[in-house]
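Input: a single structure, listed below in structure tokens.
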Amino acid sequence: MSTNLDAAGAALALRRRRLTRRTVVRFAAPYTLIAPALVVIGAILAYPLYYLVRLSFQRYGLFQLIAHKGSWVGLHNYGVLLHDPVFWHTLVRTIVFTFVNVALTLVLGTLVALLLVQVATAIRLMITSALVLAWAMPVVVAVQLWYWMTNFENGVVNYVLTELRLGDFIGHDWYISPTSALGVTTTLIVWGAVPFVAISVYAALSQVPRDLVEAASVDGAGPLRVFRDVTFPVLKPILLVLTSLSIIWDFGVFTQPFLLLQSRPNTDYYLMSIYLFEKSIGIHEYGLGSAIAVVMVLIMLLLSFFYVRQMVRLGDVK
Numbered sequence: 000m001s002t003n004l005d006a007a008g009a010a011l012a013l014r015r016r017r018l019t020r021r022t023v024v025r026f027a028a029p030y031t032l033i034a035p036a037l038v039v040i041g042a043i044l045a046y047p048l049y050y051l052v053r054l055s056f057q058r059y060g061l062f063q064l065i066a067h068k069g070s071w072v073g074l075h076n077y078g079v080l081l082h083d084p085v086f087w088h089t090l091v092r093t094i095v096f097t098f099v100n101v102a103l104t105l106v107l108g109t110l111v112a113l114l115l116v117q118v119a120t121a122i123r124l125m126i127t128s129a130l131v132l133a134w135a136m137p138v139v140v141a142v143q144l145w146y147w148m149t150n151f152e153n154g155v156v157n158y159v160l161t162e163l164r165l166g167d168f169i170g171h172d173w174y175i176s177p178t179s180a181l182g183v184t185t186t187l188i189v190w191g192a193v194p195f196v197a198i199s200v201y202a203a204l205s206q207v208p209r210d211l212v213e214a215a216s217v218d219g220a221g222p223l224r225v226f227r228d229v230t231f232p233v234l235k236p237i238l239l240v241l242t243s244l245s246i247i248w249d250f251g252v253f254t255q256p257f258l259l260l261q262s263r264p265n266t267d268y269y270l271m272s273i274y275l276f277e278k279s280i281g282i283h284e285y286g287l288g289s290a291i292a293v294v295m296v297l298i299m300l301l302l303s304f305f306y307v308r309q310m311v312r313l314g315d316v317k
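First residue of the sequence shown: 0, per numbering that gives the first Met the number 0; consecutive thereafter.
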């Protein structure tokens, strides 16, 4: 009898070990698969981030750059930054600029995606081709075209608006005020960002169950109700991802505003990226520029925190 009990106990113990080993393998398998990618990303990003943070605590000007050695100043760079009124005005302006760009990009991109679902195949191909061409256009080329179109001497925008009887825009300078200049910049950035959002949302729309849409329509739900109760829950994960990416891109955007507004040295035209350039490359204060970069990263993490948390929650639910 005791022999049978011992055999049963041994078998039970062996089964538990197998279950435990299987559980460990099942738990560790995903992390093992992504470990090489994490190692590569860590190796690429870890040292630059460490060097950036270390540089932000140093005085590192042109002389230190030549000598390859900075002098430790502690929190001095951050103190200079936080006591600079231009920094706070630029930060508020950049946050508002980012909010407007992200909102317009997501709304217009979603509307274009919904349009692609409704039109005929030939029209859909034409619109998609136009979106891809706009998205593929080099940024420098797009900026130059935009500047030509809005030129106050012979820009086509002024001519068209005048011909449409929307006012006398002949000789109107769109860059004479910060609000107007940043509005033109917003138009350019949104124009370049809408294709990516539209194509991504259109791909997500293919996952919306058609039978649910038809059932909701049969029950008397209007288009807005169908979108809110049926379509939007399916689009929510991709919209959260697109929102987070748009915040990161638009908060740190540099090429478009720098090239469009480079002839406007007034600080009222500054965004955080231009402020960073002027305070680091412009006056050769690389320690101060590093401090600005660190603060920008922290602010972007703060602005994206809500959307990242929502994505994590959706992942946990799934």
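From the three backbone atoms N, C-alpha and C, an ideal C-beta is built for every residue, glycine too.
In the structure shown, what three-state DSSP assignment does residue i receive?
{"i": "Arg164", "result": "coil"}
{"i": "Gln255", "result": "helix"}
{"i": "Ser55", "result": "coil"}
{"i": "Ser70", "result": "strand"}
{"i": "Ser205", "result": "coil"}
{"i": "Val131", "result": "helix"}
{"i": "Met295", "result": "helix"}
{"i": "Met125", "result": "helix"}
{"i": "His283", "result": "coil"}
{"i": "Glu152", "result": "coil"}
{"i": "Asn265", "result": "coil"}
{"i": "Leu137", "result": "According to the sequence as given, residue 137 is Pro; it is not Leu. Pro137 falls in the coil class under three-state DSSP."}
{"i": "Gly60", "result": "coil"}
{"i": "Leu4", "result": "With a pLDDT of 46 at Leu4, under the threshold of 50, the predicted position of this residue should be treated as unreliable, and no value is reported."}
The alpha helix (DSSP H) with residue i in it runs from where to where?
{"i": "Asp172", "result": "No alpha helix (DSSP H) contains Asp172, which DSSP labels as neither H nor E."}
{"i": "Asp249", "result": "Phe231 to Phe250"}
{"i": "Ser318", "result": "Look at the range of the chain in this structure, 0 to 317, and you will see that residue 318 is not part of it."}
{"i": "Ile94", "result": "Pro84 to Gln117"}
{"i": "Gly78", "result": "His75 to Leu81"}
{"i": "Arg224", "result": "Pro222 to Val225"}
Looking at residue i: is its Cβ nearer than 8 Å to the Cβ of residue j?
{"i": "Val293", "j": "Leu110", "result": "no"}
{"i": "Ala112", "j": "Leu204", "result": "yes"}
{"i": "Tyr59", "j": "Tyr285", "result": "yes"}
{"i": "Gln261", "j": "Val233", "result": "no"}
{"i": "Val106", "j": "Gln255", "result": "no"}
{"i": "Ile246", "j": "Ser303", "result": "yes"}
{"i": "Val79", "j": "Phe56", "result": "no"}
{"i": "Val183", "j": "Leu259", "result": "yes"}
{"i": "Leu160", "j": "Phe168", "result": "yes"}
For the putative contact between residue i and residue j, defined by C-beta atoms under 8 Å, what is the C-beta separation to the nearest angstrom?
{"i": "Gly170", "j": "Phe151", "result": "6 Å"}
{"i": "Leu338", "j": "Thr93", "result": "Given that the chain is displayed from residue 0 to residue 317, the structure contains no residue 338 and the question cannot be resolved."}
{"i": "Val99", "j": "Thr185", "result": "6 Å"}
{"i": "Thr89", "j": "Asp249", "result": "Thr89 to Asp249, Cβ: 15 Å. No contact."}
{"i": "Leu130", "j": "Pro194", "result": "4 Å"}
{"i": "Leu54", "j": "Gly41", "result": "With a Cβ gap of about 20 Å, Leu54 and Gly41 do not count as contacting."}
{"i": "Leu239", "j": "Tyr146", "result": "Not quite, the Cβ-Cβ distance comes to about 34 Å (not below 8 Å), so this is no contact."}
{"i": "Ala197", "j": "Gly281", "result": "Incorrect: roughly 37 Å between the Cβ atoms, too far for contact."}
With a CB to CB cut of under 7 Å and the five nearest residues on each side skipped, what residues in its chain are close to residue i?
{"i": "Ala141", "result": "Leu187 and Gly191"}
{"i": "Lys278", "result": "Glu284, Leu287, Gly288 and Ile291"}
{"i": "Thr149", "result": "Val156, Trp173 and Val183"}
Which same chain residues, not among the five before or five after residue i, have their C-beta less than 6 Å away from its C-beta?
{"i": "Thr266", "result": "Val85"}
{"i": "Pro177", "result": "Asp267 and Tyr268"}
{"i": "Asp228", "result": "none"}
{"i": "Tyr201", "result": "Ala112 and Leu115"}
{"i": "Gly154", "result": "Met148"}
{"i": "Glu162", "result": "none"}
{"i": "Tyr274", "result": "Thr89"}
{"i": "Phe253", "result": "Ser272"}
Going along the chain, which residues of its own chain have a beta-carbon closer than 8 Å to the beta-carbon of residue i, five neighbours each way excluded?
{"i": "Leu81", "result": "none"}
{"i": "Gly251", "result": "Met271, Ser272, Met295 and Met299"}
{"i": "Tyr77", "result": "Ser55, Ala290 and Val294"}
Comparing the CB of residue i with every heavy atom of the ligand FMN, is any distance shorter than 7 Å?
{"i": "Ala28", "result": "With respect to the ligand FMN, the structure shown offers nothing to examine, as it has no ligands at all."}
Measure from the C-beta of residue i to each C-beta in chain B and report whether the shortest distance is under 8 Å.
{"i": "Gly60", "result": "Among the chains in the structure shown there is no chain B, since it carries only a single protein chain."}
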